[in-house]
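In the working numbering, the protein residues as written are 417 to 867. Notes for the one structure printed next.
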Amino acid sequence: MTSLPPFPARLPGGLSAAEREARVRGKISGSLARYERAQHSLAGGVSTALRRSARPSPLYFQHGHGSRIVDVDGNSYVDYTLAWGPLILGHAPECINQAVAAQLYRGHTFGAQHDLEFEVAELLCRYIPCADLVAFANSGTEIVQVALRLARAATGRTKYLKFEGHYHGWDDSVLISYRPTRQQIDAAAGQPIPVGLGQRPNHETVAVEWNDREAVTRAFAECGNEIAAVVCEPLLCNSGCVAADPGFLQFLREITQAHGALLIFDEVITGFRLALGGAQEYYGITPDLATFAKAAGGGLPLSVLAGKREYMGHIAAGQVVHAGTLNGNPVALAAAKATILELARDNGAAYRQLWEQGERLRLGLEAMLRAAGLPVMTTGGGPVFHLSFMEARPHTYRDTLTANTALYSDFGLALLDEGVLVLPDGRWYLSTAHTASDVDETLEAARRAIR
Ligand SMILES: Cc1ncc(COP(=O)(O)O)c(C=O)c1O
């Protein structure tokens, strides 16, 4: 932790964190009772581990509409979690409702071909710079595995290079050096760090720090002829929205080319979010392969591998296996088509709004917290940004370890009490459903929360 200036536990007329917590607990009795019940039959009471980190307790929701979500106790929140990213058009947008409803009456899944497959594929190939061909699956975790398999097939090599703090799903092969603690980093002495128990020993991952050109150069010098690919989140959204330093993505493009390795952008978050063509469009660097999920399905389970023909051709030729009973699911593809058409409408009006409202919110929060004497740092921008309590702009995952996460947790709890739902890790997602008045309301709520 940095030595933050002391922040009073309570300002005149304000509430302490403990009082906030008691007040929130009093408003969410329905959620508390359901969570207690769920733990008797559902391992951990939640369907994915991270959801347990919600404070004061995981909430249960009854419905969402646009920018709002309503819990089972009737509390309504302006939602900046957006289901951890997928809801780029907000909750239950009419265009997706209609497309999905129409498809539901035609059939839920065929396990065979249908028109939405090539209609969505054509749209993706039009908008994603690296997409000569695409392939579908259901989750980000799966599709990253397809990308790595393809890279191994194309190069005949087995290793890949990733960056500390980057998340590429929960498969053993990639759940490595993701948000290690300072103690784990010190103990590992440069070796890749598994995240949980039961993971297979990993001999294929080379993990280095984000934005560290020398470490990447060194890794290629040491074992370049074994490295099939470099994979990264082009904007490190999973660990503090840490941007690539100027020229770093271009450097990755060049060094992979020089060593005959593939460059894979994991655009599971940045895809459709920074731009319809993802971070590769936004930054103007074209990878060999890219993975999309989250916003690609607009809230339904869909993931996409997009890539250059010379690599995707291995799938086309049946040399690299890419399979899945529900791949190309028509309900998910109906949602994807509606999402893409909406985002592409009016020459990108959706993105102008996402950026405008997102930046108003980010800068408004930053100014307000600074005025309260807090060393706040925001990274990323517009459709996805990160807010943390720290002094200096982070360049690596390790830099983010200096953030005062306990203070952010108190802030998140106070926001919840004031009707604003945020993720526990400091990431904020916007949707096209968030209006200027939502942002005004949120800034007002934040003003009360800061007290
Ligand atoms: C960048 C990135 N890659 C891969 C994944 C895994 O996607 P999924 O949760 O759909 O398996 C995630 C999920 O958060 C992600 O953020």
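Glycine included, C-beta positions come from ideal geometry on N, C-alpha and C.
Check: residue i C-beta below 7 angstroms from any heavy atom of ligand 1
i      : result
Ala722 : no
Val560 : yes
Ile643 : no
Ala767 : Ala is not the amino acid found at residue 767; the sequence shown has Tyr there. No, since every heavy atom of ligand 1 falls outside the 7 angstroms radius drawn around the Cβ of Tyr767.
His584 : yes
Ile504 : no
Asp588 : no
Trp844 : no
Trp626 : no
Val550 : no
Ser593 : no
Glu670 : no
Ala709 : yes
Trp771 : no
Ile512 : no
Ile685 : yes
Asp841 : no
Thr497 : no
Gly715 : no
Residues of its chain near residue i, where Cβ-Cβ distance is below 8 angstroms and the 5 sequence neighbours each way are ignored
i      : result
Ser555 : Gly585, Ala709, Pro717 and Ser719
Leu514 : First, the amino acid is wrong: residue 514 is Gln here, not Leu. Excluding sequence neighbours, Gln514 sits near Ala754.
Arg629 : Phe664 and Phe667
Glu620 : Thr574, Lys575, Tyr576 and Ser589
Length of the line joining the Cα atoms of residue i and residue j
i      : j      : result
His811 : Tyr496 : 24 angstroms
Pro840 : Arg568 : 36 angstroms
Leu420 : Gly780 : Per-residue confidence for Leu420 stands at a pLDDT of 46, beneath the threshold of 50, marking its modelled position as unreliable; no derived number is given.
Gly734 : Glu642 : 24 angstroms
Asn618 : Leu564 : 14 angstroms
Gly612 : Ala438 : 33 angstroms
Pro422 : Phe827 : Reliability fails at Pro422, whose pLDDT of 47 lies under 50, so the model's placement of it is uncertain and the value that follows must be treated cautiously. Those two C-alpha atoms are separated by around 15 angstroms.
Asp531 : Leu448 : 45 angstroms
Arg725 : Glu533 : 18 angstroms
Leu705 : Val440 : 45 angstroms
Asn745 : Thr525 : 6 angstroms
Gly490 : Leu549 : 46 angstroms
Arg484 : Ala470 : 18 angstroms
Leu777 : Ala732 : 45 angstroms
Gly430 : Gly656 : 29 angstroms
Ser463 : Gly693 : 30 angstroms
Ile756 : Gly442 : 41 angstroms
Glu435 : Leu831 : 13 angstroms
Asn627 : Leu591 : 20 angstroms
Leu829 : Arg863 : 14 angstroms
Val838 : Gly527 : 38 angstroms
Contacts around residue i, its chain only, beta-carbon distance under 7 angstroms, and the 5 residues preceding and following it disregarded
i      : result
Pro424 : With a pLDDT of 49 at Pro424, under the threshold of 50, the predicted position of this residue should be treated as unreliable, and no value is reported.
Gly482 : Gly506, His507 and Ala849
Ala670 : First, the amino acid is wrong: residue 670 is Glu here, not Ala. Taken in chain order, the list of residues that qualify is empty.
Thr702 : Pro545, Cys546 and Gln696
Ala766 : Glu758, Leu759 and Thr848
Start and end residues, alpha helix (DSSP H) containing residue i
i      : result
Asp704 : Neither: Asp704 is in no alpha helix (DSSP H) and is coded neither H nor E.
Val562 : Gly556 to Thr571
Thr755 : Pro746 to Ala787
Gln478 : Careful: Gln478 lies outside any alpha helix (DSSP H), inside the beta strand (DSSP E) at Phe477 to His481.
Val632 : Arg629 to Cys639
Met793 : Note, Met793: premise wrong, no alpha helix (DSSP H); beta strand (DSSP E) at Val792 to Gly797.
Ser447 : Ser445 to Ala454
Asp833 : Thr821 to Asp833
Asp602 : Arg598 to Ala604
Ser432 : That residue, Ser432, is in no alpha helix (DSSP H); it is neither H nor E in DSSP.
Ser853 : Ala852 to Ile866
Contact set for residue i: own chain, Cβ-Cβ below 6 angstroms, skip 5 residues either direction
i      : result
Ala645 : Ala567, Tyr576, Ala677, Leu678 and Ile680
Ala748 : Gly713, Leu716, Pro717 and Leu718
Glu782 : Val792 and Thr794
Ser593 : Glu580, Pro608, Ile609 and Ala623
Arg467 : Pro474
Thr672 : Val646 and Leu679
Ile559 : Ala553, Thr707, Ser719 and Leu721
Gln529 : none
Below-8 angstroms beta-carbon distance, residue i vs any chain D residue
i      : result
Gly656 : Checking the listed chains, one finds no chain D in this structure; it contains a single protein chain.
Residue i: first and last residue of the uninterrupted beta strand (DSSP E) it sits in
i      : result
Phe552 : Leu549 to Ala553
Thr621 : Thr621 to Val624
His802 : Val800 to Phe805
Ala645 : Ile643 to Cys648
Near ligand 2: residue i beta-carbon under 7 angstroms from a heavy atom
i      : result
Glu435 : Ligand 2 is not among the ligands present in this structure, which contains only ligand 1.
Examine the Cβ distances between the segment 617-637 and the segment 665-685 and report whether three or more of them are shorter than 8 angstroms. yes
Examine the Cβ distances between the segment 734-743 and the segment 684-697 and report whether three or more of them are shorter than 8 angstroms. no
For the segment 796-811 against the segment 446-453, are there 3 or more C-beta pairs whose distance is under 8 angstroms? Short answer: they don't touch.
Touch test, the segment 784-801 against the segment 568-579, Cβ-Cβ under 8 angstroms, three pairs minimum: The segment 784-801 vs the segment 568-579: no contact.
Check whether the segment 482-494 and the segment 850-864 touch, using three or more Cβ-Cβ pairs below 8 angstroms as the test. Three or more Cβ pairs closer than 8 angstroms define a contact, and the segment 482-494 meets that threshold against the segment 850-864.
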